[in-house]
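Numbering (this note's numbering), first residue to last: 1271 to 2289.
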């Protein structure tokens, strides 16, 4: 990007080009190193406002545009060279903004608390007149003002509230912020909409090793602006990465050592995930293969891998001519260089399923060999196409450089450690010895080495003869969303994230299954089927209290449980994450708890009350039973499993509550190093680090990446974002008194830091009232909607109350067979009964939209809905648009006019036409008043109760049955996020407001949601 404010190719022009790319779903990486530093002279007089001022503009622009028009944040990468005058401020950018978020959250709560107390002191004053607003005559007000000042609440605000009260106001709303990623606090600060990277040269890194000086130079004159210690800058990078997960690093010297087209200029940047690295104003399309599908009949099919790579190289070459580009310059250069992005996914799942540890010589050798074959075959195919169609336009001036790079790739494939041409750091060569082990031979991996050598021999010989059609051939992309579509267990080059997976049910809730790679791995390691069954049961649990230690049907009967109550408990255990979620008043009923189990009635309303300890079961008893019923969610300690096999099942994060093993940062880096010598571009990957990792650990990981000749890397320390919950072990102590005592003994600074890390939690209690069924009138109105969903004709008919509320639905697919027709009819009856008993339509819409199963696809015949992921997704989109005015679920906006009749004086309204038919359009003016009146209490839908918060409703209310598989729904957001982390997810919340799932997995530098397939969290 040029250091030009308003002309083409300059700063403001970049925002336009970025917006065009974001709009259609692509990402942008930009190197801002040409922008003048702060206070550098301008040609027209005056001084520059500096790099950071323009980065903040770009950050706000990216925040305003969702990628592809969806809820996903814009994918944006910012890169700055290490010699830029403003590099120190840039490195600290996100750290400082995170501090601002903490200040906003804490300050808003403190100010809100004290201002409301001051207002209360004025309003509840027993004096008369002006005395209530005078601190000298109102001692309570004086006390609260002193407390507010002590808490550093601004005097101006204190005075404003007192004046507010003196005018007769009795309440005040002060905005309170939280640390949620999508909250107003994060939206207020800058730097949250990009991945930030620093571009380092080998000269800088050697200066760090020597503790030498480093010059920061002016952008226009090249003069030294400031000299700093290289090691001080390096320390600042490590501290920032530890605190905020940014910046990542680009190793610029290594990037350009492997550059195939240096005649066109240096490589200065990458795409947002750092896998595509090439000349400015170029782009490429990506394609990835699911490696696990190449393991057929117990053998890895090398010939099929070669065929897939050859075929997809041709497909990607065709896509160059078919692609649409956002600017003439990008179109011109992409056509001139014709770069391709062939890659793969699911190598972590493939290795585990064949009994090979991710962190092993064999695993790295297999990864390196597969990568070598992929890129070698792609370049050979490119040379063949060049023989027929000609080389890419810029090949002649770059032929010598490109052949040098190809020869270096070939040397690495041959396993050579010396003789490389023009490299500052030699790569990690292919480990042919690692391919020669019993398990590798068992699955045919031993043939990969010979195939890799042959592929690169052919790529070089054909290239020398014909040249190449494409300047680059391969990258390793994060494959977040497409990996889910391809049914990959792991994305990109990542390892698996959990041994027990939670699959979402179409009707809501989840069920637990063992990671499908686990039984395959156990068979590969020689375990018998009976042993495998016991190991699986240890991980996922038995789903029943039968044979459970301490807490079982026998011990429960001794406590007073009847067979009926035991059956009620058993019904919810199969999909429960913890047995305590099932032993609650929702399942057992207040009468049984109070009269039989002698639970004090006042305890029922206490959300912290747990029944099992009340019954006399110890923490050890509960943990043992919990492990038997719900599973350990790890294989550590599993029966029959040998300790030497534990490494095969290591994941990116510790598994379950008791899991301690996880893949180290070094293991991730070494796997990347095995693949990097055979990739044209780079590898998108973020190195996961535990919460207790130190700043020195972060710096060591970055240095190791450089010494292993990686082109780029990024770190993510668990808990480095305020928006991420901490592990439960950090916020839930066994003994609260011990925690308080330990906290009191801390130094003030340490105590403040500890408290600042506490997860802010808001629990909203919802009260349930059981209501009777409200039947529809015998003669009712509604509408019929005919549509074709994925080629299947469906009729949706509705029935409405006199006031237009939806009361029943019918779904008719009369040509789909008796079984399917009966299922849909009975499903519709169930929904109708729920509506008549007061279940809000909103709840059904939230539960069934975005479900995925056949029939699905394009929708014909509906003016608002044009595609659906399932039949139920279509039905509830239609109902939401028609009865709830949920235009966000429609694909096309519709306009309908409403008609209505009724006597407002009677508080009744009759709509002679269906409210759903006119899609909830406003009624006629004569009945607007009637619609605005409060709904009578006996007609109001009862708010639903959920999960553990069921303990909060009125003790006199009858208990409702808990739906199987949904007993965790009442948890607070903080609890859900903590549980998600124990299940192997990142612990963050999906940014899609219509999803809000906590089942997020890390894919490269970003995250992907397993429920709605949205991406997010790239900033």
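C-beta: ideal position from N, C-alpha, C; glycine also.
Since I believe residue j is in contact with residue i (beta carbons under 8 Å), could you give me their beta-carbon distance rounded to a whole number of angstroms?
i	j	result
residue 1487	residue 1494	6 Å
residue 1360	residue 1350	5 Å
residue 1918	residue 1622	6 Å
residue 1613	residue 1721	Wrong, their Cβ atoms sit about 18 Å apart, outside the cutoff.
residue 1733	residue 1676	6 Å
residue 1757	residue 1766	Actually they are not in contact, since the Cβ atoms of residue 1757 and residue 1766 sit about 14 Å apart, beyond 8 Å.
residue 1414	residue 1384	7 Å
residue 1723	residue 1682	With a Cβ gap of about 11 Å, residue 1723 and residue 1682 do not count as contacting.
residue 2150	residue 2159	5 Å
residue 1576	residue 1608	That pair is no contact at about 22 Å.
residue 1604	residue 1739	That pair is no contact at about 14 Å.
Just reading off the alpha helix (DSSP H) that residue i is part of, what are its end residues?
i	result
residue 2112	2111–2118
residue 1927	Taken as a continuous stretch (DSSP letters only), residue 1927 belongs to no alpha helix (DSSP H), as it is neither H nor E.
residue 1572	1572–1592
residue 1670	1665–1683
residue 1382	1363–1393
residue 1283	1281–1293
residue 1654	1631–1659
residue 1441	Element bounds for residue 1441: n/a, residue is neither H nor E.
residue 1977	1965–1977
residue 1506	1500–1514
residue 1322	1321–1334
residue 1833	1833–1841
Within 10 angstroms of the Cβ of residue i, are there 16 or more other Cβ atoms? Answer buried if so, exposed if not.
i	result
residue 1439	exposed
residue 1981	buried
residue 1903	buried
residue 2155	exposed
residue 1745	buried
residue 1800	exposed
residue 1244	The requested residue 1244 does not occur in the structure, where the chain is confined to residues 1271 to 2289.
residue 2140	buried
residue 2065	exposed
residue 1284	buried
residue 1796	exposed
residue 1426	exposed
residue 1282	exposed
residue 1945	buried
residue 1905	buried
residue 1355	buried
residue 1861	exposed
Between the Cα of residue i and the Cα atoms of the options, which residue gives the shortest distance?
i	options	result
residue 2060	1609, 2132, 1373	2132
residue 1875	1895, 1882, 1854	1854
residue 2118	2138, 2091, 1310, 1606	2138
residue 1552	2048, 1537, 1519	1537
residue 1923	1989, 1711, 1385, 1972	1989
residue 1808	1826, 1910, 1759, 1825	1910
residue 1896	1501, 2124, 1850, 1931	1850
residue 1790	1624, 1750, 1526	1624
residue 1459	1368, 1588, 1533	1368
residue 1453	1945, 1605, 2260, 1955	2260
residue 1520	1533, 1543, 1499, 1535	1543
residue 2116	1650, 1915, 1279, 2266	2266
residue 1616	1636, 1794, 1598, 1382	1636
Start and end of the beta strand (DSSP E) containing residue i?
i	result
residue 2128	2127–2130
residue 1467	1465–1470
residue 2055	2054–2059
residue 1612	1611–1615
residue 1814	Unbroken run through residue 1814: none, as it is neither H nor E.
residue 1408	First-last for residue 1408: undefined, no H or E at that position.
residue 2100	Premise fails: residue 2100 lies in the alpha helix (DSSP H), 2088–2106, not in any beta strand (DSSP E).
- Task: Return the chain-ordered ranges of every beta strand (DSSP E) run that is complete within the region 1728–1800 and spans a minimum of 3 residues.
- Result: Restricted to the region 1728–1800, the beta strand (DSSP E) segments that are unbroken, complete and at least 3 residues in length are 1770–1774, 1780–1784, listed in chain order.
- Task: Return the chain-ordered ranges of every alpha helix (DSSP H) run that is complete within the region 1864–1909 and spans a minimum of 4 residues.
- Result: Within the region 1864–1909, the runs of alpha helix (DSSP H) at least 4 residues long that lie entirely inside it are, in chain order, 1881–1884, 1889–1900.
- Task: Pick out the complete alpha helix (DSSP H) segments inside the region 2131–2164, 4 residues or longer, and give them in chain order.
- Result: Entirely contained in the region 2131–2164, the alpha helix (DSSP H) runs reaching 4 residues are, in chain order, 2141–2154.
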